[in-house]
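First residue of the first sequence? That's 1 in this note's numbering, and the numbers climb one at a time after it. Beneath this line is the structure, given in structure tokens, with notes to follow.
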Amino acid sequence: MTENKEVPARTTGEEGKKSLNFIESIIEEDLKNNKNNGVVLTRFPPEPNGYLHIGHAKSICLNFGLAQRYNGKTNLRFDDTNPEKEEVEYVDSIMEDVRWLGFQWEGEPRYASDYFQQLYDWAVNIIKNGYAYVDDQPAELISQQRGTPTQAGIESPYRNRSVEENLDLFIRMKNGEFKEGEKVLRAKIGMTSPNMHMRDPIMYRILKREHHRTGNNWCIYPMYDFAHGQSDYIEGITHSVCTLEFEVHRPLYEWYLENVYTEGDIKPRQIEFARLNLSYTIMSKRKLLELVQKNIVNGWDDPRMPTISGLRRRGFTSASIRKFADTIGVAKRDNVIDVAVLEHSLREDLNQTAARVMAVLNPLKIVITNYPEDKDEWVKIENNPEDETMGTREMPFSREIYIEQDDFMEDAPKKFFRLSPGNEVRLKAAYIIKCEEVIKNTDGNITELRCTYDPDSRSGSGTEASQRKVKGTLHWVSAKHAIDVEVRLYDRLFNDEAPDGHKEKDYKEFINPESLKILKNCKVEPSLKDAQAESKYQFQRLGYFCVDKKDSKPGNLVFNRTVPLKDSWGKMNK
RNA sequence: UGUCCGAUGGUGUAAUUGGCAACACGUCUGAUUUUGGUUCAGAAGAGUCCAGGUUCGAGCCCUGGUCGGACAGCCA
Numbered sequence: 001m002t003e004n005k006e007v008p009a010r011t012t013g014e015e016g017k018k019s020l021n022f023i024e025s026i027i028e029e030d031l032k033n034n035k036n037n038g039v040v041l042t043r044f045p046p047e048p049n050g051y052l053h054i055g056h057a058k059s060i061c062l063n064f065g066l067a068q069r070y071n072g073k074t075n076l077r078f079d080d081t082n083p084e085k086e087e088v089e090y091v092d093s094i095m096e097d098v099r100w101l102g103f104q105w106e107g108e109p110r111y112a113s114d115y116f117q118q119l120y121d122w123a124v125n126i127i128k129n130g131y132a133y134v135d136d137q138p139a140e141l142i143s144q145q146r147g148t149p150t151q152a153g154i155e156s157p158y159r160n161r162s163v164e165e166n167l168d169l170f171i172r173m174k175n176g177e178f179k180e181g182e183k184v185l186r187a188k189i190g191m192t193s194p195n196m197h198m199r200d201p202i203m204y205r206i207l208k209r210e211h212h213r214t215g216n217n218w219c220i221y222p223m224y225d226f227a228h229g230q231s232d233y234i235e236g237i238t239h240s241v242c243t244l245e246f247e248v249h250r251p252l253y254e255w256y257l258e259n260v261y262t263e264g265d266i267k268p269r270q271i272e273f274a275r276l277n278l279s280y281t282i283m284s285k286r287k288l289l290e291l292v293q294k295n296i297v298n299g300w301d302d303p304r305m306p307t308i309s310g311l312r313r314r315g316f317t318s319a320s321i322r323k324f325a326d327t328i329g330v331a332k333r334d335n336v337i338d339v340a341v342l343e344h345s346l347r348e349d350l351n352q353t354a355a356r357v358m359a360v361l362n363p364l365k366i367v368i369t370n371y372p373e374d375k376d377e378w379v380k381i382e383n384n385p386e387d388e389t390m391g392t393r394e395m396p397f398s399r400e401i402y403i404e405q406d407d408f409m410e411d412a413p414k415k416f417f418r419l420s421p422g423n424e425v426r427l428k429a430a431y432i433i434k435c436e437e438v439i440k441n442t443d444g445n446i447t448e449l450r451c452t453y454d455p456d457s458r459s460g461s462g463t464e465a466s467q468r469k470v471k472g473t474l475h476w477v478s479a480k481h482a483i484d485v486e487v488r489l490y491d492r493l494f495n496d497e498a499p500d501g502h503k504e505k506d507y508k509e510f511i512n513p514e515s516l517k518i519l520k521n522c523k524v525e526p527s528l529k530d531a532q533a534e535s536k537y538q539f540q541r542l543g544y545f546c547v548d549k550k551d552s553k554p555g556n557l558v559f560n561r562t563v564p565l566k567d568s569w570g571k572m573n574k
């Protein structure tokens, strides 16, 4: 794939001044003040409990892009503090997706679980300093005592145990002497804070689960708040960029940091931005998992999924996703991006890079009655009018061809520029033909067209007839040379702009029943015989398609429709 | 009757010491075109949530509202 590390500079106004997003402004300010000695180290910190989606792609492009822009580095760190939900399958897929997007993290991937010992030692220290205690109460009670956003909580009866007792209990928690849920370690901050997260938050819970990396070494696991900021600190992250819902966690992030911080170290700063929402899809990992588990889609990489692996299989290029991330910008207000923006960056890229090819999805046979029965000829056609360096190829032409059923109408309206009885049309790169006769079966359905061709009109021959202007140009494929392939037409997975935005309705009610249409017996030109998995083409006049990497086999090709071409004719008829 | 955050065309994002609201997507014209694609030319569409205030001048500053979002997992 293309190594495109360049982030095009955003510009505004005629002078082409670069405009910064608010995070870039913060970093430039820090750089100006020589904070962190000019170092910029960001991190992308996924939890390996699902596949990455386009929303993560925004975050990846942001974090890695910031580092590239300011001469920094980016760590990949798995936030794996909950063995109940996390699996190596997810770890592997995440690494693959980040690499595919074109980014390389600094050094080896990191894991929060690598820091369990350090985290434990810090917890012991915090206990010794009198700022943490072991609570024996069950979860429900702790929850009740936490109060509500508008009402202060009350203190746990175990809150004032001695340091010695807390230490003893915590060590025994670690040693597995207690059952799950029997005890937790809590930070001793206060129960009256207006910020719920500051009301003696839980630091450690007991989980007797095998962890995908540490196995059974631990039976106590740190909570997100205690693990995340400290991991940032250990790695020397300068700017810890996360989504808006962690904004209320920031005081706690800073509280923990103060309790472990050593003067002179880099002090990471948490900065929050608004997560991506895309119209006509969902971004919740939980719901995506549900679609997979209930077989509503065919796995995480189903081409209809907004996952990175799904988009990849659908035929998206990583460059188009990077471009998209750059286009939508970064800010703090909630947003819903129109999928049209994503599709636009895709088409923009594919238009430049995808080879043009002839394919007929719904074939209609044409017999050219005045063309010799035994003759074949090869016509020359350019591979990409946008890029001459992609060259030309030869395509066979013969007496019987297929055109698209949609390209013929028996009773054509005035604006129909395609084939109809008595009318002429250009076969791209070949001849002008005229429809002489419509053949129907006993049901009255059109089965075949009889046409004549103008032998002098061959494209590129330079004759007067070859220069004639006819209204329509059709794509076609020679019947006897065509290859039969399967084509999967994908459409949006949901019919509603905001499938999970309805309080009374489940998002699954909006699933588009026509999100996948499978066409067998499609006809493609013979040059596609050895098309490689994942290669991308423009099926002339139809859209961009790619060879499915899982189901396509030599001799039994399967193409996915990535995105149709813009269609002003189709739009006109709506 | 809590804390924090946000509010700029239909949708996003800009406007960097306060200086006549810009860019992209989308929409609509027209031109070109052997892809009804691309490209090109152009248009419509906001007076910046509201009300006050400071100022010669406010999207930017101040005050007070309104609306929207996040937070009550031993999830992240």
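All C-beta atoms, glycine included, are put in the ideal place defined by N, C-alpha and C.
Exposed unless 16 or more other CB atoms sit within 10 angstroms - verdict on residue i
i	result
Gln104	exposed
Gly72	buried
Leu244	exposed
Glu404	buried
Lys536	buried
Lys517	exposed
Arg77	buried
His502	exposed
Trp218	buried
Ile54	buried
Ala430	buried
Thr442	exposed
Residue i vs residue j beta-carbon contact at 7 Å
i	j	result
Ser279	Glu497	yes
Asn335	Arg356	no
Glu587	Met395	In the structure displayed, the chain extends from 1 to 574; residue 587 sits before or after that span and is not available.
His239	Thr42	yes
Arg314	Pro306	no
Ala325	Cys61	yes
His212	Glu24	no
Lys523	Val297	no
Glu47	Asp79	yes
Arg492	Asn512	yes
Arg418	Val470	no
Ala479	Tyr402	yes
Asn63	Thr74	yes
Asn351	Glu382	no
Gly299	Leu257	no
Asp92	Leu52	no
Ile126	Asn21	no
Nearest neighbour of residue i, chosen from the options [CA to CA]
i	options	result
Gln540	Val477, Glu254 and Tyr70	Val477
Glu437	Val292, Glu448 and Ala429	Glu448
Pro455	Gln405, Ala479, Ser398 and Tyr158	Ser398
Glu182	Asn217, Lys428 and Gln137	Gln137
Glu486	Phe559, Arg450, Phe22 and Lys505	Phe559
Gly190	Gly472, Gly147 and Lys566	Gly147
Glu180	Ile368, Asp168, Pro564 and Ile220	Ile220
Ile142	Lys428, Ser156, Gly50 and Ile366	Ser156
Asp484	Asn556, Lys365, Tyr431 and Ala354	Asn556
Pro45	Glu247, Ile206, Arg269 and Ser231	Ser231
Euclidean distance between Cα positions of residue i and residue j
i	j	result
Ser459	Glu388	18 Å
Val241	Met358	46 Å
Trp122	Asn129	10 Å
Glu290	Phe545	28 Å
Glu177	His197	28 Å
Thr2	Gly102	Model confidence at Thr2 stands at a pLDDT of 38, short of 50, so the residue's coordinates are unreliable; what they give is reported in the following sentence. Between Thr2 and Gly102, the C-alpha separation is close to 8 Å.
Tyr490	Glu534	16 Å
Glu14	Gly236	For Glu14, the pLDDT reaches just 39, beneath the cut-off of 50, and the residue's location in the model is therefore unreliable, leaving the point undetermined.
Leu185	Tyr133	6 Å
Thr562	Tyr204	46 Å
Asp411	Arg347	33 Å
Ala112	Asn37	25 Å
Asn216	Glu210	5 Å
Ile368	Ser457	14 Å
Lys428	Val341	31 Å
Ile171	Tyr158	17 Å
Leu288	Leu66	29 Å
Leu119	Ile202	14 Å
Tyr233	Asn573	59 Å
*Give a yes or no on contact between the region 264–284 and the region 50–68, applying the rule of three or more CB pairs nearer than 8 Å.*
Yes, the region 264–284 touches the region 50–68.
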